[in-house]
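Down below is the structure, laid out as structure tokens.
2 protein chains.
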Amino acid sequence: VGLPLPERLLIARLANAVADNAKSASRERLASKSDDLKVVTGIGDDCAVLRLRQTNDILVTTDFTLENVHFRREWHSPESVGHRCLVRGLSDIAAMGGRPSAAFLSLAVPPKLPQSWVDRFFRGLLKLARESNVTLSGGDTSRSPSKILADVIVLGCVPKGTAVLRSGARPGDRIYATGAIGGSAATLSSLYSSKRKGVNSQLSQRYFFPEPRIRVGQILRQKKIPSSMIDLSDGLSTDLSHLCEDSGVGAEIWAASIPRAVTGKSAKPIALDLALHGGEDYELLFTASPRQRVPPRVGGVAVSYIGEITSRKQISLIHQNGSSSLLEPRGWEHFRRRDS
Amino acid sequence: VGLPLPERLLIARLANAVADNAKSASRERLASKSDDLKVVTGIGDDCAVLRLRQTNDILVTTDFTLENVHFRREWHSPESVGHRCLVRGLSDIAAMGGRPSAAFLSLAVPPKLPQSWVDRFFRGLLKLARESNVTLSGGDTSRSPSKILADVIVLGCVPKGTAVLRSGARPGDRIYATGAIGGSAATLSSLYSSKRKGVNSQLSQRYFFPEPRIRVGQILRQKKIPSSMIDLSDGLSTDLSHLCEDSGVGAEIWAASIPRAVTGKSAKPIALDLALHGGEDYELLFTASPRQRVPPRVGGVAVSYIGEITSRKQISLIHQNGSSSLLEPRGWEHFRRRDS
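Chains A and B, in that order, are what the protein sequence lines are.
Mapped onto our numbering, the consecutive letters of the first sequence carry residue numbers 1 to 340.
Mapped onto our numbering, the consecutive letters of the second sequence carry residue numbers 1 to 340.
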């Protein structure tokens, strides 16, 4: 009688996780006094009840994290899966210049999954939630026919009318990227070739536990720097094409200026293709008017000037020798092997 | 190059569905002028941007709908699956006395799923969205390793501080249920025994296309009738036990007063067990002070007085012959055959 055991355990675990998280979040909130979006009633009722400061808009984003599509149990620790399923939504909020506030987790697990996997998954998710000042506020649990399935919703806020969209880039605007890119693709490529030992530990740390650029996004928005912004989750070539399409413009980017992740003691940059097409870096890509002063570092993170927006609706890659070629959006498909 | 075909098609379909829906919703909204929660930017950016009327609280709910857990492709039409995956969240909003405003769909489908299935799924989902004045505002798409997976998030609103919780029931309060219950369990039971032809068509219509009690929930909340409320999604015995636990009370309910769904020309009530333990009726269960006048119909839907809240923390079922027994929460497990 009652719910089947795994489901009951899961629900209890989810409820506990939410309660613990809510407690520590409310402590932090008392300290910070910034109640932009407050959780009035968390898990345990039909809905969560949230209260928003009236001067804010609400941001909503939702992302699936599916076993064997977005992660593999033999490669990713449960903590990494928990971290990564939350980071996707946090990065989306960052790309709007917003502050994440509340997360909701829908989690389905197969009946035979060890409880320790679920515990460690929550450890990873809740650690990132605390670091990001996000309250896990509810969700849904279910048994799954075979694989682990998670869907994470993140709610955030931004002062009314100030969300940074993808559609604001204008011809002549400069294109910038934060941090270094391609590191996740390089790590994944090593996992595929089973050269795990060869993976630079800092690179793989960033792949398994990527850091969302929440603070950078907020600073940029507060300084009114970006005309448009997107996060680099599907790869530079694909995300830049989204931004250009939505803005009705084209772009040219300079191969030599792309901030490639480096590997090994020699700090050798990874292959250009990985930086162009590899996804899951969770850096920010943004444009700014040439009249706008853009500092070389924002919130402690390097900002690189990598190209310019054009009125001609195509994306060109300018090579180091001065020649140019069309850059096709080679959409990042998780776990598709890349040649590098 | 680019995303694999099924994913690209899905994304295009989702984008179109959202655009169409947003158009018709904004037309309706212009007519109704009730911008409680407005979609400022819909699908196509990193996040959706929503704007809330400042006198409101936000309601958030999320529900998985998984193939072979919540539906079977051989039993449920794609339209029914689309309808049912949205109704779960709408019913949660109704149970808070709220108004649903925006929905988000995360959908993962196996590579071989025919496009016509996806089209018909959207038809069912969007029809209910329009009828409920809800805007499909974004989501996520992914390929799935094998089964169809959907997660639907519904956002709604309620005047500040007026959300009807599960935790407000007090000893002496009366217990009420809307509509008739057990019909979904009866239909499912017939499906299991392959007696589909024998299923009363009105019953099965309500099972395949359940109607969320949004209006009833809002009227009850506006009239300040309920001290607590929950929706009947997991079955009366389980949902009543949730309400009692959260309120720190017990209950006794009267077998003869439970409004059982009726079947066939003779309008024979379904078995009591189906009404006690069957889920997915999406009716409302609420409590009210004995001083509160509760009309026999609310918003055109019958309201039945079925029992009373007690201080003793157990749930008793009073049988027609006057004897009583403990009512255990026999949690509704989808597709578990019930004896009836």
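All C-beta atoms, glycine included, are put in the ideal place defined by N, C-alpha and C.
Self-check item: C-alpha distance - serine 146/B paired with serine 144/A, whole-angstrom precision
Solution: Residue mapping note: residue 146/B aligns to position 146 of the second sequence, counting from 1. Residue mapping note: residue 144/A aligns to position 144 of the first sequence, counting from 1. Distance between the alpha carbons of serine 146/B and serine 144/A is about 12 angstroms.
Practice problem: Check each candidate in Thr61/B, Thr55/B, Gln54/B, Phe122/B and name the one with the smallest Cα separation from histidine 83/B. | Solution: Looking up residue 83/B in the second sequence gives position 83. Histidine 83/B has its Cα closest to that of Phe122/B, out of Thr61/B, Thr55/B, Gln54/B, Phe122/B.
Self-check item: Simplified DSSP state of arginine 330/A, which is helix, strand or coil
Solution: Here the question's residue 330/A lines up with position 330 in the first sequence. It is coil, neither helix nor strand.
Quiz item: Among Val69/B, Val60/B, Arg72/B, Cys47/B, which residue has its Cα nearest to the Cα of glycine 97/B?
Solution: In the second sequence, the residue the question calls residue 97/B occupies position 97. Residue Val60/B is the option with its Cα nearest to glycine 97/B.
Quiz item: Between lysine 224/B and tryptophan 75/B, what straight-line distance do the alpha-carbon atoms span, to the nearest angstrom?
Solution: Reading the second sequence from its first residue, position 224 is the one you call residue 224/B. Reading the second sequence from its first residue, position 75 is the one you call residue 75/B. Taking the straight line joining both Cα atoms gives about 40 angstroms.
Quiz prompt | Which residues DSSP lists as bridging cysteine 157/A, in chain order | solution = To locate residue 157/A, count along the first sequence from 1; it is residue 157. When beta bridges are read from the DSSP output, cysteine 157/A appears opposite Ile58/A, Arg99/A.
Exercise. Along the beta strand (DSSP E) that carries glycine 250/A, what are the first and last residues, could you check?
Key: As a first step, residue 250/A is located in the first sequence; it is residue number 250 there, counting from the start. Following the DSSP letters along the chain, one finds glycine 250/A inside the beta strand (DSSP E) bounded by residues 250-254.
Quiz item: Would serine 324/A pass as a contact of leucine 317/A if the rule is Cβ separation under 8 angstroms?
Solution: Against the first sequence, residue 324/A aligns to sequence position 324. Against the first sequence, residue 317/A aligns to sequence position 317. For serine 324/A and leucine 317/A, yes; Cβs fall inside 8 angstroms.
Quiz item: So, are the CB atoms of glycine 278/B and glycine 182/B less than 8 angstroms apart?
Solution: On the second sequence, residue 278/B is found 278 positions in, with the first residue counted as 1. On the second sequence, residue 182/B is found 182 positions in, with the first residue counted as 1. Taking 8 angstroms as the Cβ cut-off, glycine 278/B and glycine 182/B qualify as a contacting pair.
Quiz item: Cβ of aspartate 173/B within 8 angstroms of Cβ of alanine 288/B?
Solution: Along the second sequence, read from residue 1 onward, the residue named residue 173/B stands at position 173. Along the second sequence, read from residue 1 onward, the residue named residue 288/B stands at position 288. Taking a C-beta distance under 8 angstroms as the contact criterion, aspartate 173/B and alanine 288/B qualify as a contact pair.
Practice problem: Work out the CA separation of proline 100/A and isoleucine 153/A for me, nearest whole Å. | Solution: Numbered from its first residue, the first sequence carries residue 153/A at position 153. Numbered from its first residue, the first sequence carries residue 100/A at position 100. A straight-line Cα-Cα distance of about 11 angstroms links isoleucine 153/A and proline 100/A.
Quiz prompt | Under 7 angstroms from the C-beta of aspartate 151/B: neighbouring residues of chain A | solution = Translated into the one-based positions of the second sequence, residue 151/B becomes position 151. Against chain A, a Cβ distance below 7 angstroms from aspartate 151/B picks out Ser106, Asp151.
Quiz item: Got a sec: is the Cβ-Cβ distance from serine 325/B to anything in chain A below 8 angstroms?
Solution: Here residue 325/B corresponds to residue number 325 of the second sequence, with the count starting at 1. Interface residue (Cβ-Cβ distance to chain A less than 8 angstroms): serine 325/B is not classified as such.
Self-check item: Cross-chain neighbours of glutamine 222/B in chain A, by beta carbon under 8 angstroms
Solution: Translated into positions along the second sequence, residue 222/B becomes position 222. When 8 angstroms is used as the limit between beta carbons, glutamine 222/B is near no residue of chain A, the shortest such separation being about 17 angstroms.
Quiz prompt | aspartate 273/B to leucine 126/A span [Cα, whole Å] | solution = Sequence index remark: in the second sequence, residue 273/B carries index 273 (1-based). Sequence index remark: in the first sequence, residue 126/A carries index 126 (1-based). When rounded, the distance between both Cα atoms is 41 angstroms.
Exercise. Let me know if serine 193/B comes out buried or exposed under the rule of 16 or more other beta-carbons within 10 Å of its beta-carbon.
Key: In the second sequence, counting from the first residue as 1, residue 193/B sits at position 193. Exposed, because fewer than 16 other Cβ atoms sit within 10 Å of the Cβ of serine 193/B.
Self-check item: Beta carbon proximity, arginine 51/A to chain B, threshold 8 angstroms
Solution: For the purposes of this step, residue 51/A is taken as residue 51 along the first sequence, with counting starting at 1. It does: the Cβ of arginine 51/A has a partner Cβ on chain B nearer than 8 angstroms.
Practice problem: Using a threshold of 8 angstroms, state whether the C-beta atoms of lysine 313/A and glycine 235/A are closer than that. | Solution: Here residue 313/A corresponds to residue number 313 of the first sequence, with the count starting at 1. Here residue 235/A corresponds to residue number 235 of the first sequence, with the count starting at 1. In terms of Cβ geometry, lysine 313/A and glycine 235/A do not form a close pair [threshold 8 angstroms].
Quiz prompt | Residues that alanine 177/B bridges to, as DSSP identifies them | solution = Numbered from its first residue, the second sequence carries residue 177/B at position 177. DSSP lists Leu285/B, Ser304/B as partners of alanine 177/B.
Practice problem: Could you check how far apart the C-beta atoms of proline 210/B and glutamate 308/B are, in whole angstroms? I think they sit under 8 angstroms. | Solution: Along the second sequence, one-based indexing puts residue 210/B at 210. Along the second sequence, one-based indexing puts residue 308/B at 308. The beta-carbon distance between proline 210/B and glutamate 308/B, rounded to whole angstroms, is 28 angstroms. This is too long to meet the 8 angstroms contact definition.
Quiz item: Are isoleucine 253/B and isoleucine 148/B touching if we call contact CB-CB under 8 angstroms?
Solution: Locating residue 253/B in the second sequence gives position 253, counting from the first residue. Locating residue 148/B in the second sequence gives position 148, counting from the first residue. No; because the gap between Cβ atoms is not below 8 angstroms, this pair is not in contact.
Exercise. Could you say which of Leu284/B, Leu66/B, Ser304/B, Arg297/B lies nearest to leucine 105/B if we only look at CA atoms?
Key: Locating residue 105/B in the second sequence gives position 105, where the first residue counts as 1. Closest by alpha carbon: Leu66/B.
Quiz item: glycine 138/B touches chain A at which residues, Cβ-Cβ below 8 angstroms?
Solution: Residue numbering aside, residue 138/B sits at position 138 when the second sequence is read from its first letter. Those within 8 angstroms of glycine 138/B in chain A are Val60, Thr61, Thr62.
Exercise. Determine, using beta carbons only, whether cysteine 47/B comes closer than 8 angstroms to chain A.
Key: As a working mapping, residue 47/B is identified with position 47 in the second sequence. Closer than 8 angstroms: yes.
Quiz prompt | Collapsed DSSP secondary structure at arginine 130/B in the structure displayed | solution = For the purposes of this step, residue 130/B is taken as residue 130 along the second sequence, with counting starting at 1. Looking at arginine 130/B - three-state DSSP - the assignment turns out to be helix.
Self-check item: Contacts around leucine 326/B, its chain only, beta-carbon distance under 8 angstroms, and the 5 residues preceding and following it disregarded
Solution: Residue 326/B sits at position 326 when you count from the first residue of the second sequence. Only Gln314, Ile315, Ser316, Leu317 meet the Cβ criterion.
Quiz prompt | C-alpha distance - threonine 62/B paired with isoleucine 306/A, whole-angstrom precision | solution = Numbered from 1 along the second sequence, position 62 holds the residue referred to as residue 62/B. Numbered from 1 along the first sequence, position 306 holds the residue referred to as residue 306/A. Those two C-alpha atoms are separated by around 40 angstroms.
Quiz item: Excluding the five sequence neighbours on either side, which residues of its own chain have a C-beta within less than 7 angstroms of the C-beta of alanine 95/B, listed in chain order?
Solution: Reading the second sequence from its first residue, position 95 is the one you call residue 95/B. Around alanine 95/B: Gly217, Met229, Ile230, Asp231, Leu284.
Quiz item: Can you tell which of Asp46/A, Pro259/A, Ser247/A has its C-alpha closest to the C-alpha of serine 137/A?
Solution: The residue given as residue 137/A occupies position 137 in the first sequence. It is Asp46/A whose Cα lies nearest to the Cα of serine 137/A.
Exercise. For the segment 264-278 of chain B, enumerate the residues whose C-beta is nearer than 7 angstroms to any C-beta of chain A, in chain order.
Key: Taking 7 angstroms as the upper bound on Cβ-Cβ separation, chain A lies near no residue of the segment 264-278 of chain B.
Self-check item: Residues within the segment 68-91 of chain A neighbouring chain B, beta-carbon criterion of under 7 angstroms
Solution: Legend: CB atoms of the segment 68-91 of chain A lying less than 7 angstroms from CB atoms of chain B belong to residues Asn68, Val69.
Quiz item: At a Cβ cut of 7 angstroms, what residues of the segment 107-127 of chain B count as close to chain A, listed as they run along the chain?
Solution: Hits within the stretch, in order: Ala108.
Self-check item: Close Cβ partners of serine 227/A (< 7 angstroms) along its chain, the five nearest in sequence each way excluded
Solution: For the purposes of this step, residue 227/A is identified with residue 227 of the first sequence, where counting begins at 1. Same-chain partners within the cutoff: Gly168, Ala169, Arg170, Asp173, Thr287, Ala288, Ser289.
Quiz prompt | Cutoff 8 angstroms: arginine 166/B Cβ touching any chain A Cβ | solution = As a first step, residue 166/B must be located in the second sequence, where it is residue number 166. Taking Cβ atoms only, chain A reaches closer than 8 angstroms to arginine 166/B, which makes this a yes.
Practice problem: Note down, in chain order, every chain A residue with its Cβ under 9 angstroms from the Cβ of glutamine 314/B. | Solution: For the purposes of this step, residue 314/B is identified with residue 314 of the second sequence, where counting begins at 1. Correct list: empty, because the minimum Cβ distance to chain A is about 15 angstroms.
Self-check item: Where the alpha helix (DSSP H) containing glycine 139/A begins and where it ends
Solution: Position 139 of the first sequence, counting from 1, holds the residue named residue 139/A. Unbroken run through glycine 139/A is the beta strand (DSSP E), 135-143; no alpha helix (DSSP H).
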